[in-house]
Amino acid sequence: MTLAHRSAGTPLPGVMHERIGGYALADVTFVQAFEADANKVGRDLADALRQAPTAAVHHLEVPPLGVVVQAGPALDGIAGRLAETVSVHPDCADVTAEDVTAALRGARADVLVCFLPTGATEAVHTYARACAAAGVAFVNATPELVANNPELSALFAERGVPLLGDDLRSHLGATTLHTALLELLMSRGLRVKDTYQLNVGGNTDFLNLSDPARSASKQASKRRALTSAGIDASEVAAGPNGYVKYLGDRKVCFLRIEAESILDAPVAMEVRLEVEDSPNAAAVIANAVRVAKSAADQGLTGVIDPVCAFLFKSPRVGLPESEGLSAFQGFVSRAAAAASAPEWHGHREARPLLASARQEVA
Ligand SMILES: NC(=O)c1ccc[n+]([C@@H]2O[C@H](COP(=O)([O-])OP(=O)(O)OC[C@H]3O[C@@H](n4cnc5c(N)ncnc54)[C@H](O)[C@@H]3O)[C@@H](O)[C@H]2O)c1
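My numbering applies: residue 5 is where the sequence shown begins, and numbers increase by one.
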């Protein structure tokens, strides 16, 4: 079923909650965007989304959003193999963290989602500090450590600002499938002997990750997720394993698990998972931005630990799959109760972005 054929009110596949903390997806509005790519800076956000080398498939006709993409501080954002295809906009050299803070304040942003390339530690930390200074909640989709960085997490707590991270866990991706299967085997008392998780893809994320100097934090993050699932992942091969350009935004994961059951009877499984990478992140972000805003409405500050095990690969406090889901659903229930309380004062502004996109398609 396509969006055009969907009748109003039908739940969208992959959207777990119509409302989180009182917010529908249609309440999410883009107010500011930062980029380093010379092809994207200066364009309306809707236009920038379509610019090469982005490989994302266009599922929707997005109308102009009225948000012009600004030059951000480039720092270590574009490096390695990315630098072969992306030119940094000249204005980036003059932009400071203070400019980012001022722009976020000016736009009255509530939440910033950080989708910088893996390995861009300095840039990620700069945006995080700018958000803490502006009082804007920070969602760290990258494996660069922010929630796990004691100094940065303390900064968000001091400033009274929510922080979510680290390293977005795709909605139904390799990590989630792998950890769910491990939990299934272990719940039946099987002993996991060995496993691997190999991933290939053809978008700029994989191009960037094909540089060993840029992929170390992603591999560490994947191992952290497997450790939280209850295995010794210190030597498990789990990571980005190659850039295959023709795959575009498709991502393919091959995983194998070998285990022993009663009487040492062997059990082995191999799974091939193929997903479209960008929508797989969008489904999690649909949860994360509303959680971040709801946390701010509730006066919660610093790392919002109860949701991070479900939404991220490297939460500060890791949990097996089912416990992470249950902690997340508990937060959503509390957020719903808070939003229905008479003193609730969230929902500052609402512009029905997705609703208007839907009308365009229909
Ligand atoms: N399914 C997913 O998309 C997914 C899931 C989990 C985690 N992540 C993580 O999210 C991060 C981004 O992934 P992606 O697929 O969106 O990558 P991407 O290559 O599509 O996007 C990164 C963007 O950041 C821009 N950029 C680089 N430096 C910048 C700077 N200093 N300031 C502003 N913009 C800058 C690049 O020009 C590019 O447009 C990666 O760390 C990735 O591992 C993505």
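Beta carbons: idealized from backbone N, C-alpha and C, even for Gly.
1) Measure the CB-CB distance between residue 186 and residue 258 and report whether it falls below 7 Å.
2) Would you mind reading off the limits of the beta strand (DSSP E) that contains residue 199?
3) I'd like to know if residue 89 contacts chain B, where contact means its C-beta is closer than 7 Å to some C-beta of that chain.
4) So, for residue 14: in the same chain, excluding its five sequence neighbours on each side, which residues have a beta-carbon less than 7 Å away from its beta-carbon?
5) Can you give me the Cβ contacts of residue 78 inside the same chain, cut-off strictly under 6 Å, excluding the 5 residues immediately before and after it?
6) Looking at residue 309 and ligand 1, is the gap between the Cβ and the nearest heavy atom below 6 Å?
7) Leaving aside the five residues before and after residue 264 along the sequence, list all residues of the same chain whose C-beta is less than 8 Å from its C-beta, in chain order.
8) Report yes if the CB atom of residue 118 is closer than 7 Å to the CB atom of residue 141, and no otherwise.
9) Is the distance from the Cβ of residue 127 to the Cβ of residue 252 below 7 Å?
10) With a Cβ-Cβ cutoff of 7 Å, do residue 403 and residue 268 count as a contact?
11) How about residue 44 and residue 36: do their beta carbons lie closer than 7 Å?
12) Is the distance from the Cβ of residue 310 to the Cβ of residue 331 below 7 Å?
13) If residue 179 and residue 317 are in contact, beta carbons under 8 Å, what's the gap, nearest whole angstrom?
14) With residue 306 and residue 167 assumed to form a contact (beta carbons below 8 Å), what rounded beta-carbon distance in angstroms separates them?
15) For residue 297, which beta-bridge partners are listed by DSSP?
16) What did DSSP end up calling residue 346 once you bin it into helix, strand or coil?
17) Please list the terminal residues of the continuous alpha helix (DSSP H) segment that includes residue 128.
18) How big is the Cα-Cα spacing for residue 312 and residue 319?
19) I need the DSSP call for residue 255, collapsed to helix, strand or coil.
20) At a cut-off of 6 Å, is residue 127 close to ligand 1 when judged by its beta-carbon and the heavy atoms of the ligand?
21) What's the call for residue 366, buried or exposed, on a 16-neighbour Cβ count within 10 Å?
22) If you run the structure through DSSP and keep just helix, strand and coil, what is residue 276?
23) So, helix, strand or coil for residue 85, using DSSP?
24) Mapping DSSP to helix, strand and coil, what is residue 223?
25) Determine whether the beta carbon atoms of residue 237 and residue 324 lie at a separation below 7 Å.
26) Verify whether the separation of the beta carbon atoms of residue 109 and residue 136 is less than 7 Å.
27) Should residue 121 be counted as a contact of ligand 1 given a C-beta to heavy atom distance under 6 Å?
28) What residue ranges within the segment 55 to 118 form continuous alpha helix (DSSP H) runs of no fewer than 4 residues, ordered along the chain?
29) What's the C-alpha gap between residue 249 and residue 88?
30) Report the three-state DSSP secondary structure of residue 239 (helix, strand or coil).
31) Once you ignore the five residues that flank residue 159 on each side, which residues in its own chain have a CB closer than 6 Å to its CB?
32) Check whether the Cβ atoms of residue 38 and residue 71 sit closer than 7 Å, and answer yes or no.
33) Return the chain-ordered list of same chain residues with a C-beta closer than 7 Å to the C-beta of residue 352, the five sequence neighbours on each side being excluded.
34) Comparing C-alpha positions only, which one of 200, 217 and 336 sits nearest to residue 123?
A quick look at the data gives this:
1) Cβ atoms of residue 186 and residue 258: not closer than 7 Å.
2) Start and end: 195 to 205.
3) Given the protein chain composition of this structure (a single chain), no chain B is represented.
4) none
5) 40, 92 and 96
6) no
7) 194, 195, 197, 270 and 271
8) Their beta carbons are not under 7 Å apart, which means residue 118 does not touch residue 141 by this criterion.
9) Their beta carbons are not under 7 Å apart, which means residue 127 does not touch residue 252 by this criterion.
10) Missing from the structure shown is residue 403; the chain here goes from 5 to 366 and no further.
11) Their beta carbons are not under 7 Å apart, which means residue 44 does not touch residue 36 by this criterion.
12) Yes, these two residues count as a Cβ contact at 7 Å.
13) 5 Å
14) About 6 Å separates the two Cβ atoms, so the contact holds.
15) As far as DSSP is concerned, residue 297 takes part in no beta bridge.
16) Residue state, collapsed to three classes: coil.
17) Counted as a single uninterrupted DSSP element, the alpha helix (DSSP H) harbouring residue 128 occupies residues 125 to 138.
18) 5 Å
19) strand
20) yes
21) With a pLDDT of 31 at residue 366, under the threshold of 50, the modelled position of that residue is not reliable, and the figure given next carries that caveat. Result: exposed.
22) Strand.
23) helix
24) The answer is helix: DSSP assigns residue 223 an H, G or I state.
25) no
26) no
27) yes
28) 101 to 111
29) 14 Å
30) coil
31) Exclusion of the five residues before and after residue 159 leaves 136 as the residues of its chain whose Cβ lies within less than 6 Å of its Cβ.
32) no
33) Its pLDDT being 47, under 50, residue 352 is placed unreliably in this model, and the coordinates cannot settle the point.
34) 217
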